[in-house]
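>
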Amino acid sequence: MNKLSENNLWGIVLAGGSGARLKAFTRSLYNHDRPKQYCAFVGSRTMVQHTIDRVTLLIDRKHMLIVVTEKHHQFVREQLNTFPTENIIVQPCNRETAPAVLLPVVQLHGRYPQSVAAIFPSDHFILDETKFMEYVQRAYTFVSKNPEIVVALGVRPDQFDDGYGWMKQGDEVQSFDRGSMYNVNSFIEKPHSFALSHSNISEYFWNTFVLVGKTETLLKHFQQRTPQLYDFFSPLKISHDDKEKQRLINAAYHRIPSINFSKSILEKIPYSLRVMDISDVHWSDWGEEHRIKHDVQRFNLCLNGSIGKELEV
């Protein structure tokens, strides 16, 4: 895999969440509240540092944007001090995933109309990161030839888990040496068990929320599905100095509600989605305590802090 530095692919790392579901767990590690993406659960690197290093296997840092939240400024200073400051986008507050995606996408499209965005949450545990990023590269190649499509990296479920988005597999559209890509017949974000009670889970993929799409295509879906949100952010398509840009961002965030990207956009556009099967890579969303403990025990990892000591007993 060759790093793509001089092209239209940009990486967007989402690091603005509050980590509410893991608050008690992270407090046990640090003795104070700290969002999960700024925690080092295993080893010395935090989740966001792992994510940046993983993305850098394919995308140069100068082609990477990180979305953070103002109240986490001390963690940003500690952990992102070598990252280009001009590529750090600061939300005044967390308004869920739709604004966090739209904010960098609208600015990217304003500067680079032909840009392609690869979106990465910052709380994932992945083994064989090189292979994982090769899938991202393959998704980029597909989107470059099919600009109306958004590719989602998907994993076959091994159990019912209502903490994930579920994509129902359609017809195969492309096969490659380690898997296939499929149409998406439907998308259900964090379903209740009854929503899938009469279905075979083998017909579905979990959504990793690693998405690849042209910024123009993503903006079109925002404009159609969340027009008011789009209107609040559209002034950012025009270049502004840093002070004016932050003023516009602050003004927008104080007027918008919290909006979930998967519920408001992905559930509405299965016809524009393709899912790439990456099931030969171990992937887990470490947004839940039980998933962290499961992986730690499965792969014989050393969990930092007092929780790690409990697991050793």
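So in this note's numbering, spot 278 of the sequence shown is number 1015, and the numbers just go up one at a time.
Even glycine gets a Cβ: it sits at the ideal position worked out from N, Cα and C.
Taking C-beta to C-beta, are L845 and L802 nearer than 9 Å?
In contact: L845 and L802 (Cβ atoms closer than 9 Å).
> When the Cα atoms are used, what is the spatial distance from T878 to Y872?
Approximately 10 Å, taken between the alpha carbons.
> Comparing C-alpha positions only, which one of F959, I986, V947 and P858 sits nearest to A752?
Minimum Cα distance to A752 is reached at P858.
> Starting from the Cα of Q851, find the closest Cα among N883, D865, N997 and V838 and give me that residue.
Nearest of N883, D865, N997 and V838 to Q851, Cα basis: N883.
> When you compare the segment 797-811 with the segment 889-899, are there three or more beta-carbon pairs, one atom per stretch, that lie closer than 8 Å?
Flag = no, the segment 797-811 and the segment 889-899 do not touch.
> Cα separation between M918 and V1018?
Approximately 15 Å between the Cα atoms of the pair.
> Hey, would you say L691 sits closer than 9 Å to V843, going by beta carbons?
Absent from the model: residue 691. The displayed extent of the chain is 738 to 1050, so no value can be given.
> Do you know offhand how far P914's Cα is from F924's?
Reading off the sequence shown, one finds Asp at residue 914, where the question assumed Pro. D914 and F924: Cα-Cα distance of roughly 26 Å.
> Decide if M1013 is buried, meaning its Cβ has at least 16 other Cβ atoms within 10 Å, or exposed.
Per the 10 Å Cβ criterion, buried.
> Whose C-alpha, out of Y849, V792, C830 and H787, is nearest the C-alpha of I975?
Considering only alpha carbons, the answer is Y849.
> What number of angstroms, rounded off, separates the C-alpha of I707 from the C-alpha of L966?
As displayed, the chain neither begins before 738 nor continues past 1050, which places residue 707 out of reach and without an answer.
> Is DSSP giving Q816 helix, strand or coil here?
Looking at Q816 - three-state DSSP - the assignment turns out to be helix.
> Note the first and the last residue of the continuous beta strand (DSSP E) segment covering K951.
First-last of the beta strand (DSSP E) with K951: Y941 to K951.
> Between the segment 976-986 and the segment 897-913, are three or more C-beta pairs nearer than 8 Å?
Cβ pair count under 8 Å is below three, so no.
> Could you compute how far the alpha carbon of P1007 sits from the alpha carbon of N922?
The alpha-carbon atoms of P1007 and N922 are separated by roughly 6 Å.
> For L1048, count neighbouring Cβ atoms within 10 angstroms of its own Cβ and tell me buried if that reaches 16, exposed if not.
Any reading at L1048 must be qualified, since the residue scores a pLDDT of 43, below 50, and its modelled position is unreliable; the value itself is stated next. With fewer than 16 other Cβ atoms within 10 Å, it is exposed.
> Using DSSP with H/G/I as helix, E/B as strand and the rest coil, what is M738?
If DSSP states are grouped into helix, strand and coil, M738 belongs with coil.
> Would you kindly report the start and end of the unbroken alpha helix (DSSP H) that includes Y872?
E866 to K882 is the extent of the alpha helix (DSSP H) around Y872.
> Mapping DSSP to helix, strand and coil, what is N744?
Note: N744 maps to coil in three-state DSSP.
> Sort I826, I856, A837 and I789 by Cα distance to G754 and report the nearest one.
It is A837.
> Considering only residues of the same chain and omitting the five flanking positions on each side of L817, which have a CB-CB separation below 7 Å?
Around L817: I803 and I825.
> By how many angstroms is the C-alpha of L1010 removed from the C-alpha of S939?
Answer to the nearest angstrom: the Cα atoms are 19 Å apart.
> Count the other CB atoms within 10 Å of the CB of A757; is the residue buried (16 or more) or exposed (fewer)?
So A757 counts as exposed.
> Look at the Cβ atom of I1002, then the Cβ atom of A876, and state whether they are nearer than 9 Å.
Cβ atoms of I1002 and A876: not closer than 9 Å.
> What are the start and end residues of the alpha helix (DSSP H) that includes P858?
Not the alpha helix (DSSP H): P858 falls in the beta strand (DSSP E), residues V853 to P858.
> Could you check the C-alpha separation between A969 and V785 for me, to the nearest Å?
For the record, residue 969 in the displayed sequence is Phe; it is not Ala. Cα to Cα, F969 sits roughly 28 Å from V785.
> Return the first residue and the last residue of the alpha helix (DSSP H) that T788 is part of.
Here the alpha helix (DSSP H) through T788 covers M784 to V792.
> Given R782, which residues of its chain have a CB within under 8 Å of its CB, disregarding the five upstream and five downstream residues?
So the qualifying residues of the chain are D790.
> Note down, in chain order, each residue of its chain lying with its Cβ closer than 7 Å to the Cβ of T954, except the 5 sequence neighbours on either side.
Result list for T954: P884, E885 and V887, in chain order.
> In the DSSP output, which residue or residues are listed as bridge partners for L955?
None; L955 has no bridge partner.
> Between the alpha carbons of T963 and L1038, how many angstroms are there, rounded?
Each residue's Cα considered, the two are about 42 Å apart.
> When DSSP builds the beta bridges, which residues end up paired with H861?
H861 pairs with D1022.
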